[in-house]
Amino acid sequence: MPSILVTGVSSGIGNALMRKAVAEGWNAIGTVRDDVSPGAYDLPDGVALYRLDLKYASAVENFAERLIAEHGVPDVVVNNAGYTLYAPIEETSGQAMRDIFEVNALAPITLIQSLLPAMRARGSGVIVNITSLGGRLVFPFFGTYNASKHALEGFSEGLWHELQPFGVKVKAVEPGYVDTPIYKAMEGRRSPKGAYGPYLEAMNRFSEGVTKRTSPERAADEVWAAIVDSSDRLRYPVAAYARVLLAARRVFGDLLFMRFMHKRWMGK
Ligand SMILES: NC(=O)c1ccc[n+]([C@@H]2O[C@H](COP(=O)([O-])OP(=O)(O)OC[C@H]3O[C@@H](n4cnc5c(N)ncnc54)[C@H](OP(=O)(O)O)[C@@H]3O)[C@@H](O)[C@H]2O)c1
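Below is the structure:
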């Protein structure tokens, strides 16, 4: 039975992906930050849960050791856990920036580094990094978050080259507007004040206007299609919104696309 590890399965895309993996008959392993009983997250009993906070590199290394000892190296490793920040770059502290880069970009790489020797020795495996549409373009006030996802995109492309000789596949999956708790980060900015206030409000209106969000289950189906795709494709935009925006940027070029979206996003 193939095995899959997914980080961050308490909610959203990771949770739906765990359920999908169990339904497909895979050996499913997930990480959470809290209670390790699957029932706490509506997951089937067969899911093996581990507690892991990605903020701490040593915790990631210790987890990888335990995982290998107890389950061996999974056939598929999905770096899904992550969070967003919604704030002007000027108002984001250096510590908040370091924290989000640690969790969204560096921890996934630490996990990959810890598992790679065994994957290379086996000569097979699939690494899936859940990046973002915001790993390919940048939304105002999501700049710090998007920069962390650009970093993960860069690592993914580097690994794609480096791991081909060893039979390990690398996939960057890029969701755009999936209906999950991640957007709670915007709630702290409901009545924004200060110099950026009116522009934050415009962006709030834009985001609230995106009512056709993809469900986590649909997104998980798309992630699954990427997992079982035996081609050497690297990038998989997930959800129609991501595909349309990336196609528009390709067609119109960077600057025209940015000018057009700037008006829609910031109202100016
Ligand atoms: N939803 C979208 O539209 C969208 C768009 C682009 C990219 N993505 C990416 O998709 C992935 C899944 O997000 P989602 O939308 O499904 O959001 P979500 O429901 O909020 O899930 C995020 C998961 O990451 C975990 N997590 C957050 N910080 C962590 C940390 N320090 N250590 C360990 N786990 C941590 C969360 O655990 P807790 O419950 O403990 O917080 C949760 O399980 C993320 O990488 C996100 O950036 C989502």
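Just add 885 to wherever you are in the sequence shown, counting from 1, and you've got our numbering. No residue lacks a Cβ here, since even glycine has one placed at the ideal position from N, Cα and C. All values reported here derive from a predicted model rather than from experimental measurement.
For ligand 1, no non-hydrogen atom lies closer than 7 Å to the CB of asparagine 1089.
When the five nearest sequence neighbours on each side are left out, the beta carbons in the same chain lying within less than 8 Å of the beta carbon of aspartate 1106 are those of Lys905, in order along the chain.
Lysine 940 has its CB nearer than 7 Å to a heavy atom of ligand 1.
For valine 1108, the enclosing alpha helix (DSSP H) begins and ends at 1101-1113. Residue burial annotation: phenylalanine 1026 is buried, with at least 16 other C-beta atoms found within 10 angstroms of its C-beta. About 6 Å separates the CB atoms of leucine 1131 and arginine 1021; that is less than 8 Å, so the two are in contact. One alpha carbon belongs to arginine 1120, the other to methionine 1088, and they sit about 27 Å apart.
For serine 888, the enclosing beta strand (DSSP E) covers residues 888-891.
For glycine 893, the shortest separation between its Cβ and any heavy atom of ligand 1 lies below 7 Å.
Secondary structure within the stretch 948-1017: the beta strand (DSSP E) runs of 3 or more consecutive residues, fully enclosed, are 961-964, 1011-1015 (chain order). Relative to ligand 1, isoleucine 997 has its C-beta separated by 7 Å or more from all heavy atoms. Taking C-alpha positions only, proline 1050 is separated from serine 1041 by approximately 15 Å.
The distance from the Cβ of valine 962 to that of isoleucine 1012 is about 5 Å, consistent with a contact at the 8 Å cut-off. Inside the stretch 1028-1086, DSSP marks whole beta strand (DSSP E) runs of 3 or more residues at positions 1054-1060, from first to last along the chain. Using a 10 angstroms sphere on the CB of lysine 1069, the tally of other CB atoms stays under 16, which defines it as exposed.
Annotated three-state conformation of glycine 1020 is helix, per DSSP. With respect to the 8 Å criterion, arginine 1090 and tyrosine 971 are not classified as neighbours on the basis of their beta carbons. Closest in C-alpha terms to alanine 966, from the list Val1129, Asn900, Glu1072, comes Asn900. The alpha-carbon separation between glycine 924 and aspartate 930 amounts to approximately 7 Å. Shown here for tyrosine 941: not one same chain residue has a beta carbon closer than 6 Å to its own, the five before and five after excluded. The shortest CA-to-CA distance from glutamine 980 to any of Ala992, Thr1029, Glu955 is the one to Thr1029.
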